[in-house]
Amino acid sequence: MANEKDEIELTPTEREWDEEADDLRLKSVGWKELWLKEDWWAIWVGLGIVIVAVLFFLNGGSIKWIAIKPGKWDTLGQAAAHFGAHLPQYIAMFVMWLAIFVVATRVMGYKLSEFIPSFIFVFVFSVIIFIIGAWSQAHHYNLEPPLVALLLGMLISNLIGLPGWMDTGFRVEFYIKIGIVLLGATLPFTLIVWAGPVAIVQASIVSITTFLVIYFVARKLGLDRRLGATLGAGGAVCGVSGAIAIAGAVGAKKEHAPIAITMVILWAIVMIFFLPLASRALGLHAGVAGAWVGTSEFADAAGFAAAQAYGNVAENLPDIPGKQDDAVWAFTLMKVVGRDIWIGIWAFVLALVSTMKWERKAGQKPNPAEIWWRFPKFVIGFVIASIIITLISKGYSFSDYGKIVKPELVGPVKTLRTWAFIFCFFSIGLTTRFRELASAGTKPFMAFTTGVVVNVVLGFILSALVFVSYWSNLSH
Amino acid sequence: MTTMKPRCMHCAHFRNTPAFLEKTFPGLKVMSSGMASVRADDGLCLKRDVYLAAYYWCEAFEPVGKTAVAQY
Numbered sequence: 001m002a003n004e005k006d007e008i009e010l011t012p013t014e015r016e017w018d019e020e021a022d023d024l025r026l027k028s029v030g031w032k033e034l035w036l037k038e039d040w041w042a043i044w045v046g047l048g049i050v051i052v053a054v055l056f057f058l059n060g061g062s063i064k065w066i067a068i069k070p071g072k073w074d075t076l077g078q079a080a081a082h083f084g085a086h087l088p089q090y091i092a093m094f095v096m097w098l099a100i101f102v103v104a105t106r107v108m109g110y111k112l113s114e115f116i117p118s119f120i121f122v123f124v125f126s127v128i129i130f131i132i133g134a135w136s137q138a139h140h141y142n143l144e145p146p147l148v149a150l151l152l153g154m155l156i157s158n159l160i161g162l163p164g165w166m167d168t169g170f171r172v173e174f175y176i177k178i179g180i181v182l183l184g185a186t187l188p189f190t191l192i193v194w195a196g197p198v199a200i201v202q203a204s205i206v207s208i209t210t211f212l213v214i215y216f217v218a219r220k221l222g223l224d225r226r227l228g229a230t231l232g233a234g235g236a237v238c239g240v241s242g243a244i245a246i247a248g249a250v251g252a253k254k255e256h257a258p259i260a261i262t263m264v265i266l267w268a269i270v271m272i273f274f275l276p277l278a279s280r281a282l283g284l285h286a287g288v289a290g291a292w293v294g295t296s297e298f299a300d301a302a303g304f305a306a307a308q309a310y311g312n313v314a315e316n317l318p319d320i321p322g323k324q325d326d327a328v329w330a331f332t333l334m335k336v337v338g339r340d341i342w343i344g345i346w347a348f349v350l351a352l353v354s355t356m357k358w359e360r361k362a363g364q365k366p367n368p369a370e371i372w373w374r375f376p377k378f379v380i381g382f383v384i385a386s387i388i389i390t391l392i393s394k395g396y397s398f399s400d401y402g403k404i405v406k407p408e409l410v411g412p413v414k415t416l417r418t419w420a421f422i423f424c425f426f427s428i429g430l431t432t433r434f435r436e437l438a439s440a441g442t443k444p445f446m447a448f449t450t451g452v453v454v455n456v457v458l459g460f461i462l463s464a465l466v467f468v469s470y471w472s473n474l475s476h
Numbered sequence: 477m478t479t480m481k482p483r484c485m486h487c488a489h490f491r492n493t494p495a496f497l498e499k500t501f502p503g504l505k506v507m508s509s510g511m512a513s514v515r516a517d518d519g520l521c522l523k524r525d526v527y528l529a530a531y532y533w534c535e536a537f538e539p540v541g542k543t544a545v546a547q548y
C-alpha cells in the first residue's frame, strides 16, 4: 500500500524543503532579532560607522581617507589617474565593507563561501557605476548612478543570468537600511521635528486613500478581501514589506503575497524612471520632487533610487532648483517617517478587522505587541544618528559647520551612504528576474493600477501645490 | 507540568525561516527581505496554504514531533 506521503502532490519547493523541515521553523525570534534581523544589523553597522566617524572628528581626525569616491572627470585618462592615485584607499574601503558584512551575514546565517564572491562582484560593478556617474556629461544623458545600477543589474540578471547562490550577496534591504541609518547622520534632527508632522499628515492622506481605493476596487472586481488588503498595503504603506506584513496579519492565502509582490515590483520599477523624468519635465524643486517620490513610490529602495537620481540632476543642472540633499531629505521624511513606521499599526488594525469582521475560521485575537515586533527598527538607528550629529554640530557656527563639520565628519559619512545605496540599487536590478515573478492576473492588476494612478495624482497635488512651501524650503 | 500552547510556531505544518520564505515567494528579496522586522515571525501553513502570524492557531494544529512532518 502506498503511504500517505506518496499520495500527496508536492510542489518542488515543498518537497525540497520538507527534507529539512525541522530547520524551517523558528518558534519565536523575539529579542533574538537583535542579531537575527537585518533591521538591527543595519543599526549596528550604521551607528558603528557614525560613532567611529565622530570619535575621529573629536580627536582632530576624519574618516575621509577611507570614504573615497571618484571625482568628476572629462576624459578616461583623468578617471584612470584618479584610481592610480587613490587605489590603496579603494582597497581599504572594500576591506572595510567586506569585514563588516562578513560579520553581519555570518551571524544572520548566510554562507560566507557564497556571500564573499558575490559581494566582490557587487563592489566591482559599483565602482564602475560610480565612475560612469562621475563623468561630467553623465547628467545630459540621464546616466544617473541609481538608474545605471538598476538597468545594468536587470540586464545582467535577465539577459545573461547568474547562479542562484550569488543572491546571498544581493541583499537589497540590508544595504538600503544601512544607507538610511547613515543618512540620519546627514539629516538635522531639527528638520525631522519641523517637517516630520507635515510628512505624516501628507503621507497619511495618501496612504489611507490609496489603500481604500485598491481595496474597494479589488472587492468590486470580486477579489478576496485578504488579497485586497495585501494589495492595498503594498500600494499604500511600504511596498513589498507592507504587502508581506499585512498578508501575515490577515492570514492571506499562499498565492496572495506573490501577486502583490509582482504588482509592487513592476510599478516600483516604472516609478523609478517615471517620477524623476516627470519631475524634470515639470522643472520641480528637488525637495518637492523628493516629497512626491516619497508619497508615490512603493518601496524604500526604489524610492531612494528615484530621489537620488533626481537629486543628482538638481545638483548638476542649473535650471532645476534645489540640491541633492533636498530630494533625499524630503523623500526620507515622507517615506520613512510618514509611511514606514506605521506598518505595525496597519497590521494590527487589519488583523483585528480580519478576526472580528471577516470571520476567519482559525486563529485568535491579534496581539498588540505585534505593533512593536513589526516596527521597522532601522528607523531607530536613523533617528539616533541624526541626534548624534545634530548635537556635535550644535557648537559650531554656520560658517564653521561648512568649513569643518561638513568636510571632516558629515561628508565622509555621506560618501559611505552613497556606496551603500549603489550596492542596493545594483542588487535590485540583479534580483529582479521577471520570469520568476508570479503571474498577477488582470483583476489584481486593475485594482493596483487604479491605486497607483490615484496615488501619483494625489501625491503630486499635495507635494507641489498644498505643501510646496515646506518641501521647497527644507534647506532653510 | 508545562503545556505548550497550540500556536502555529509549534505546529508541524508551519514553515517560517527567512530562507524558506524567500524561496517560496519569488520577488520577496527584490525590495524587501525574509529577515526584515516587519515580517515578525509570520510563516506559511502547508496544511491550509495560508500565510499567517506565528501566534495564531487552528483545529489542524499538530505538535512538532508527534506527527511526521514528512507528510508533506
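Residue numbers (the working numbering), protein chains in the order written: chain A, 1 to 476; chain B, 477 to 548.
Glycine residues also receive a C-beta, built at the ideal position from the N, C-alpha and C atoms.
None of the values given here were measured: they were computed from a predicted structure.
{"query": "Residue 59/A: contacting residues in chain B (beta-carbon distance under 9 Å)", "result": "Here the premise fails: no neighbours, minimum Cβ distance about 35 Å."}
{"query": "contact_flag[the stretch 525-541 of chain B, the stretch 488-498 of chain B] where n(CB pairs < 8 Å) is 3 or more", "result": "yes"}
{"query": "Cβ distance (whole Å) where residue 263/A is taken to contact residue 231/A below 8 Å", "result": "6 Å"}
{"query": "Endpoints, the beta strand (DSSP E) within which residue 528/B is located", "result": "526-528"}
{"query": "Near-chain B residues of the stretch 329-347 of chain A (beta-carbon distance less than 7 Å), N- to C-terminal order", "result": "343"}
{"query": "Residue 417/A burial status per 10 Å Cβ neighbour count (16 or more: buried)", "result": "buried"}
{"query": "Sequence-distant residues of the same chain with beta carbon closer than 8 Å to residue 157/A, five excluded per side", "result": "429, 430, 431, 432 and 433"}
{"query": "Cβ contact check for the stretch 153-173 of chain A and the stretch 387-404 of chain A: 3 or more pairs under 8 Å", "result": "no"}
{"query": "Delimiting residues of the beta strand (DSSP E) encompassing residue 520/B", "result": "519-521"}
{"query": "Test: residue 139/A CB closer than 9 Å to a CB of chain B", "result": "no"}
{"query": "9 Å Cβ cut-off: residues of chain B touching residue 167/A", "result": "498 and 505"}
{"query": "C-alpha gap between residue 183/A and residue 295/A, whole angstroms", "result": "19 Å"}
{"query": "Per-residue contacts from residue 209/A into chain B (C-beta, under 7 Å)", "result": "By Cβ distance, chain B contributes nothing, its closest Cβ being about 22 Å from residue 209/A, past 7 Å."}
{"query": "Contacts that residue 502/B makes with chain A (C-beta to C-beta distance below 9 Å)", "result": "258, 261, 262, 433, 436, 437 and 438"}
{"query": "9 Å Cβ cutoff met for residue 284/A and residue 99/A", "result": "no"}
{"query": "Among 470/A, 426/A and 180/A, the one whose alpha carbon lies nearest that of residue 269/A", "result": "426/A"}
{"query": "Own chain partners of residue 74/A with C-beta closer than 7 Å, once the 5 adjacent residues on each side are dropped", "result": "136"}
{"query": "Per DSSP, the bridge partner or partners of residue 490/B", "result": "521/B"}
{"query": "Residue 545/A in three-state terms, based on DSSP", "result": "This structure does not reach residue 545/A, given that chain A is present from 1 up to 476, and the question cannot be answered."}
{"query": "contact_flag[the stretch 442-456 of chain A, the stretch 213-232 of chain A] where n(CB pairs < 8 Å) is 3 or more", "result": "yes"}
{"query": "Stretch-stretch touch, CB-based, cutoff 8 Å, three pairs: the stretch 502-518 of chain B with the stretch 219-233 of chain A", "result": "no"}
{"query": "Spatial distance of residue 195/A from residue 334/A (CA atoms)", "result": "9 Å"}
{"query": "Burial state of residue 394/A (16 or more Cβ within 10 Å)", "result": "exposed"}
{"query": "Sequence-distant residues of the same chain with beta carbon closer than 8 Å to residue 69/A, five excluded per side", "result": "130, 134, 415, 418 and 419"}
{"query": "Same chain, Cβ closer than 6 Å to residue 146/A, five either side skipped, listed in chain order", "result": "305, 308, 309 and 425"}
{"query": "Where residue 522/B falls, given that 16 or more other Cβ within 10 Å makes a residue buried", "result": "buried"}
{"query": "Residue 311/A versus residue 328/A: straight-line alpha-carbon distance, rounded", "result": "7 Å"}
{"query": "Nearest-angstrom beta carbon gap, residue 408/A and residue 64/A [assumed within contact, 8 Å]", "result": "7 Å"}
{"query": "Alpha-carbon spacing of residue 255/A relative to residue 237/A, whole angstroms", "result": "20 Å"}
{"query": "Contacting residues, own chain, Cβ-Cβ under 8 Å from residue 324/A (five flanking each side not counted)", "result": "286, 308, 311, 312, 314 and 315"}
{"query": "Helix, strand or coil at residue 440/A according to DSSP, with G and I counted as helix", "result": "coil"}
{"query": "Identity of the residues DSSP links to residue 73/A by a beta bridge", "result": "135/A"}
{"query": "Residue 298/A at chain B interface by Cβ criterion, 9 Å", "result": "yes"}
{"query": "Spatial distance of residue 496/B from residue 382/A (CA atoms)", "result": "29 Å"}
{"query": "Proximity test, Cβ basis, 9 Å: residue 39/A and chain B", "result": "yes"}
{"query": "Extent of the continuous alpha helix (DSSP H) run through residue 507/B", "result": "504-507"}
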